[in-house]
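All remarks here apply to the structure that follows.
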Amino acid sequence: MTILLIDDDPAIGRLYGAAIQKRGFNVKLCTAGDQALEFLHRQKPHLIVSDVEMPGLSGHDVALRLLQRGPRPCPILFLSANDTVESVLQGLRCGGDDFLIKGEALNHMIDRMAFWLTSGFRALPLVARHAAMDMLETMNPIAPLLPQIKKDRALVDMAFESLYRDVQSTPPGYGVRLIERIEVMGRTAELIERQCTEPAHWLRFPDAVLSVIHKLRTPWALDIGVLCRHYELLSRDPRFQKARTMLRADH
Numbered sequence: 012m013t014i015l016l017i018d019d020d021p022a023i024g025r026l027y028g029a030a031i032q033k034r035g036f037n038v039k040l041c042t043a044g045d046q047a048l049e050f051l052h053r054q055k056p057h058l059i060v061s062d063v064e065m066p067g068l069s070g071h072d073v074a075l076r077l078l079q080r081g082p083r084p085c086p087i088l089f090l091s092a093n094d095t096v097e098s099v100l101q102g103l104r105c106g107g108d109d110f111l112i113k114g115e116a117l118n119h120m121i122d123r124m125a126f127w128l129t130s131g132f133r134a135l136p137l138v139a140r141h142a143a144m145d146m147l148e149t150m151n152p153i154a155p156l157l158p159q160i161k162k163d164r165a166l167v168d169m170a171f172e173s174l175y176r177d178v179q180s181t182p183p184g185y186g187v188r189l190i191e192r193i194e195v196m197g198r199t200a201e202l203i204e205r206q207c208t209e210p211a212h213w214l215r216f217p218d219a220v221l222s223v224i225h226k227l228r229t230p231w232a233l234d235i236g237v238l239c240r241h242y243e244l245l246s247r248d249p250r251f252q253k254a255r256t257m258l259r260a261d262h
């Protein structure tokens, strides 16, 4: 898997690049936005990690140019020393899916990259993006936000308890069929959305979906990432929508 890393500081780029390669991922380093766009004309990486503040085209500019071209090739993570509400809001508006703080622990940064490379999610789901933006627009724009963005274990546990009860009421072997997995995903989404009361919850929505379903510890649950690749499409499926209310034991 290849990560496109965009940073105008070659030293920082090499530092991050070396850490990424130690995790077994390939890295392509670009030191300017226009250079990155040229690369993206020729190749499709599995993930883009871009500095925000750069001479010439900023990271936000690069993301907007990609949106203008059509469907994005992969998730976009923004890397910035600016950890304010306004910075995250701007990143969401131009298509960013996750946000990293320059100077934070490298292990955490690489963990976030690994999540987007392996989870199946190709973007922050629209329901989460719009909900986070709505909340951020009501907040103090210069307030720090990024340190608060982390997976809420209590939220995951509460959603799992409800999902587990629902699954227990279904026939043995439930979840083997594709239609049933779509229903489980729809029900999981509803249970998590009920618990999302702050922007950080919505920004970690994909993490919560995977964590809740994985806690079922069934063979098919561990493979749910295959469906996560098509989350946006599946979320419009009637079976997904019906399961938001309850899992059906009859088919």
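Heads up: the sequence shown begins at 12 in my numbering, then just goes up one per residue.
Each residue gets a CB set at the ideal place from its N, CA and C atoms; glycine is no exception.
The structure presented is a predicted model; accordingly, all values stated were derived computationally and were not measured.
Query                                                                                                                         : Result
Limits of the beta strand (DSSP E) - the one that C85 falls within                                                            : Taken as a continuous stretch (DSSP letters only), C85 belongs to no beta strand (DSSP E), as it is neither H nor E.
Close beta carbons around T197, own chain, < 6 angstroms, minus the five adjacent residues each side                          : Looking at the sequence shown, residue 197 is not Thr but Gly. Once the five neighbours on either side are set aside, the close Cβ partners of G197 are F251, A254, R255.
Rounded C-alpha distance that separates I23 from L135                                                                         : 26 angstroms
Rounded separation between A211 and L26 - CA only                                                                             : 28 angstroms
DSSP state of V220 mapped onto helix, strand, coil                                                                            : helix
Minimum C-alpha distance to G44 - residue among T95, V73, D163                                                                : V73
Alpha-carbon to alpha-carbon, A219 and T13                                                                                    : 25 angstroms
Within 7 angstroms, strictly: CB atoms of I121 and G106                                                                       : no
Sequence-distant residues of the same chain with beta carbon closer than 8 angstroms to V187, five excluded per side          : W231
Three or more C-beta pairs below 8 angstroms linking the segment 47-62 and the segment 136-150                                : no
Close beta carbons around D248, own chain, < 7 angstroms, minus the five adjacent residues each side                          : I193
Cβ-Cβ distance between V223 and T208 below 7 angstroms                                                                        : no
Cβ pair count under 8 angstroms reaching 3, the segment 96-103 against the segment 111-128                                    : no
Bridge partner(s) assigned by DSSP for P182                                                                                   : DSSP lists no partner for P182.
From D94, F171, R133, residue whose alpha carbon lies closest to that of E115                                                 : D94
Residues of its chain near L174, where Cβ-Cβ distance is below 7 angstroms and the 5 sequence neighbours each way are ignored : R198, T199, L202, V223
Near the ligand SAH: M144 beta-carbon under 6 angstroms from a heavy atom                                                     : As far as ligands go, the structure on display features none, and thus does not contain the ligand SAH.
Assigned secondary structure, D109 (DSSP; H/G/I helix, E/B strand, else coil)                                                 : strand
Cβ-based neighbour list, L40, same chain, cut-off 6 angstroms, excluding 5 preceding and 5 following                          : L16, G24, G28
When S91, L77, F110, L221 are compared against V237, the one with the closest alpha-carbon                                    : L221
Host alpha helix (DSSP H) of V237 (start-end)                                                                                 : 236-239
Rounded straight-line distance, which links the Cα of D177 to that of L48                                                     : 47 angstroms
From H225, P21, P217, residue whose alpha carbon lies closest to that of H241                                                 : P217
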